[in-house]
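The block underneath contains the structure these notes are about, expressed in structure tokens.
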Amino acid sequence: MKTLVRGGTVYDGTGAESFTADVLIEDGIITAVEPGISADSAEIIEAAGYAVTPGFIDGHRHCDIAPLTRDDFGDAELAQGITATVAGNCGLAPVPSSETSRLEMYDFLEPVTGPIPREISFGSYSEYKTAIAKAGLPLHMGFMAGAGAIKTAVKGFVSSPYTAEEITKAAAYVDEAMQAGALGVSLGIMYQPEIFSTAEEIAAVIRPAAPYNGILCTHIRGEGDSLAESVQEVIRIAAMAEMRLNVSHFKATGIRNWRSTIYRAIECIEDARAKGQPVTADFYPYDGGSSTMLSLVPPTVLADGNKAMLERLLTPEGKKHLVREIYRDHPGWDNMVTSIGWDRILISSVTLPEHAAYSGKTVSKLADELGYSDPAEFAAELLAAEHGKTGVIVLSMAQEDIDDIARLPWTALISDALYGGGDNPHPRHYGAFPKFLREYVMERRILSMEAAVHKMTAMTADRMGIRNRGRIQPGFRGDVLVFNPDKFTDTATYTVPKKLSRGMEWVLLEGRTVWHGEKQNGKKEGKILSL
Numbered sequence: 001m002k003t004l005v006r007g008g009t010v011y012d013g014t015g016a017e018s019f020t021a022d023v024l025i026e027d028g029i030i031t032a033v034e035p036g037i038s039a040d041s042a043e044i045i046e047a048a049g050y051a052v053t054p055g056f057i058d059g060h061r062h063c064d065i066a067p068l069t070r071d072d073f074g075d076a077e078l079a080q081g082i083t084a085t086v087a088g089n090c091g092l093a094p095v096p097s098s099e100t101s102r103l104e105m106y107d108f109l110e111p112v113t114g115p116i117p118r119e120i121s122f123g124s125y126s127e128y129k130t131a132i133a134k135a136g137l138p139l140h141m142g143f144m145a146g147a148g149a150i151k152t153a154v155k156g157f158v159s160s161p162y163t164a165e166e167i168t169k170a171a172a173y174v175d176e177a178m179q180a181g182a183l184g185v186s187l188g189i190m191y192q193p194e195i196f197s198t199a200e201e202i203a204a205v206i207r208p209a210a211p212y213n214g215i216l217c218t219h220i221r222g223e224g225d226s227l228a229e230s231v232q233e234v235i236r237i238a239a240m241a242e243m244r245l246n247v248s249h250f251k252a253t254g255i256r257n258w259r260s261t262i263y264r265a266i267e268c269i270e271d272a273r274a275k276g277q278p279v280t281a282d283f284y285p286y287d288g289g290s291s292t293m294l295s296l297v298p299p300t301v302l303a304d305g306n307k308a309m310l311e312r313l314l315t316p317e318g319k320k321h322l323v324r325e326i327y328r329d330h331p332g333w334d335n336m337v338t339s340i341g342w343d344r345i346l347i348s349s350v351t352l353p354e355h356a357a358y359s360g361k362t363v364s365k366l367a368d369e370l371g372y373s374d375p376a377e378f379a380a381e382l383l384a385a386e387h388g389k390t391g392v393i394v395l396s397m398a399q400e401d402i403d404d405i406a407r408l409p410w411t412a413l414i415s416d417a418l419y420g421g422g423d424n425p426h427p428r429h430y431g432a433f434p435k436f437l438r439e440y441v442m443e444r445r446i447l448s449m450e451a452a453v454h455k456m457t458a459m460t461a462d463r464m465g466i467r468n469r470g471r472i473q474p475g476f477r478g479d480v481l482v483f484n485p486d487k488f489t490d491t492a493t494y495t496v497p498k499k500l501s502r503g504m505e506w507v508l509l510e511g512r513t514v515w516h517g518e519k520q521n522g523k524k525e526g527k528i529l530s531l
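Structure representation (structure tokens):
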């Protein structure tokens, strides 16, 4: 099969200056990039007046089970030009699963991945990979080995340290994942049960990924007051494990940390890079993040696991204990509630129909409407009623910090999209990539188009070990986008988030059209990506 994209302005993904050329794709491979290509029997896409770029690569989405559970998977992604994505981030994944902790893990994951059918169980990464491939993919998909999921499979949601025998078992899971094609290992040191792990434990568990040249992607322990120390911790972990490091969704949270803390963290990374350690980061183009409401709960309340904590919340004393702890300082743990306040924390997803009206409202507003004297009391009761499955959006960042992160030569763009459902998901699920081009390039001129496209394509491909994608050059796979940068735009907002982006004219996966006329054509051309 031949496809000729003719006469467009080519941004080749490398960051080099754009140029006008034709792009010929034959049997899925780019074979020529030059003006005036003649190709008999080729499908012609007239691209004069359009940008032609590599397909965007989102190195951080939580779409782990979306191919199995969501009929609309691919709509939000392809509308943004995302042709490849990576799941299994932040240490969170549905695999491996242990019968003793599987259902508790599924409940914990629900605000992040969406509901996981109870009959689904993946004992190994090979089983997971086979199931995802069999479902059919509208875009390419790679995966990380989630260290939090591994620890849960080995130990459950407990605070006790790994034993030597458990480290051996956990490390074997990492090795099995890498053999099955994982791109690396992800950490979620902010989340249970990894929040109770030491740097030495983590390094011992993940070390088997090093011979495969897998990358270590980390949701660090703290992104606010302890940001610099948390960055230093993962730099040390990566050095001990002899792995390349990427700091996930790099940012500084908490009003008191704006325009200050991020620069100490940048200095930590640049010092490590100057010494030869491969350290990078990624970011999303919004001033608010998204997570599970359990991330607001101090580790002192979680020491014996989610299930026990949620049961205690059903008692007056258990609720009082959480309310007391949530307003205390906890060394080594960033308290989002005290750093930004309840009026900057929005409910994004709930599971119970009687709570549907909560979505999109702040915790402080809901507490006031429902007659609570303290928003923490409302939060405690909501957590208990929802069995910990509530999702939140936290408006925690300064735009100036994000701009400076975007300018760094070693930061790539991601979405960090959650699939937890609800009526008020974070708009990044639907709009991160066009928002970046619209706002940071076309409107505010933070970056050139060439630099921005590089952060969305080749930079991520090279970092994640995704071979032969992310560039418009002969020999690379023909994942190609055609769009008008003046018309390509996000439409999702914090108040109306479930809206597809507009203006993506053509999306090609290995030369085959999968998106045109603002919709998917139903073709499942995606592949599983492996190292």
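Sequential numbering of the sequence shown, starting at 1, is according to full-length UniProt numbering.
Glycine included, C-beta positions come from ideal geometry on N, C-alpha and C.
The model shown is predicted, which means the values in this text are computed figures rather than measured ones.
Query                                                                                                                        : Result
Within-8 Å CB hit, residue 138 to chain B                                                                                    : Here there is only one protein chain, and chain B is not present.
Beta-carbon proximity check, residue 45 vs residue 410, cutoff 8 Å                                                           : no
As assigned by DSSP and simplified to three states, the class of residue 316                                                 : helix
Assigned exposure category for residue 272 - 16 Cβ within 10 Å defines buried                                                : buried
Residues near residue 75 in its chain [Cβ-Cβ closer than 7 Å; skip 5 each side]                                              : 500, 520
Cβ pair residue 380, residue 323 closer than 8 Å                                                                             : yes
Own chain, CB closer than 6 Å to residue 286, minus 5 neighbours either side, in chain order                                 : 428
Same chain only: Cβ atoms within 7 Å of residue 375, ignoring 5 sequence neighbours per side                                 : 342, 363, 364, 367
Assigned exposure category for residue 267 - 16 Cβ within 10 Å defines buried                                                : exposed
Three-state secondary structure (DSSP) of residue 399                                                                        : helix
Beta-carbon proximity check, residue 498 vs residue 430, cutoff 8 Å                                                          : yes
Pair within 8 Å by beta-carbon distance, residue 196 and residue 230                                                         : no
Beta strand (DSSP E) runs contained entirely in the region 448–522, provided each spans 3 or more residues                   : 480–483, 504–509, 512–516
Alpha helix (DSSP H) segment containing residue 383, residue limits                                                          : 375–385
8 Å CB neighbourhood of residue 491 in its chain, flanking five on each side removed                                         : 430, 431, 499, 500, 501, 502
Selected residue, minimal CA-CA separation from residue 80, among 319, 38, 457                                               : 457
Coarse secondary structure for residue 138, derived from DSSP in three states                                                : coil
Under the three-state DSSP convention, the category residue 275 falls into                                                   : coil
Residues of its chain near residue 277, where Cβ-Cβ distance is below 8 Å and the 5 sequence neighbours each way are ignored : 235, 238, 239, 245
Residue from 484, 295, 372 with nearest C-alpha to residue 504                                                               : 484
Opening and closing residue of the alpha helix (DSSP H) in which residue 219 lies                                            : Not the alpha helix (DSSP H): residue 219 falls in the beta strand (DSSP E), residues 215–219.
Distance CB(residue 62)-CB(residue 92) smaller than 8 Å                                                                      : yes
Runs of beta strand (DSSP E) wholly within the region 216–269 (minimum 3 residues, chain order)                              : 244–247
Continuous alpha helix (DSSP H) assignments of at least 4 residues falling wholly in the region 279–347                      : 299–302, 306–312, 316–326, 336–340
Residue 373, buried or exposed, once every other Cβ within 10 Å from all chains shown has been counted against 16            : exposed
Under the three-state DSSP convention, the category residue 371 falls into                                                   : coil
Nearest neighbour of residue 529, chosen from 142, 88, 1, 103 [CA to CA]                                                     : 142
Classification of residue 356 by the beta-carbon crowding that lies within 10 angstroms, buried from 16 upward               : exposed
Where the alpha helix (DSSP H) containing residue 107 begins and where it ends                                               : 102–113
Counterpart residues of residue 143 in DSSP-defined beta bridges                                                             : 87
Beta-ladder partner(s) of residue 19, from DSSP                                                                              : 10
Neighbour-count burial assignment, residue 125, 16 or more Cβ in a 10 Å radius                                               : buried
Nonlocal neighbours in the same chain, by C-beta distance under 6 Å from residue 24, ignoring five residues either side      : 4, 31, 32, 37, 39
CB contact flag (residue 183, residue 220, <8 Å)                                                                             : no
Presumed contact (8 Å Cβ cut-off) between residue 59 and residue 510, rounded CB distance                                    : Going by Cβ atoms, the distance from residue 59 to residue 510 rounds to 20 Å, so no, they are not a contact pair.
Close-in-space but distant-in-sequence residues of the same chain around residue 67 (CB under 8 Å, 5 per side omitted)       : 73, 132, 135, 136, 137, 141
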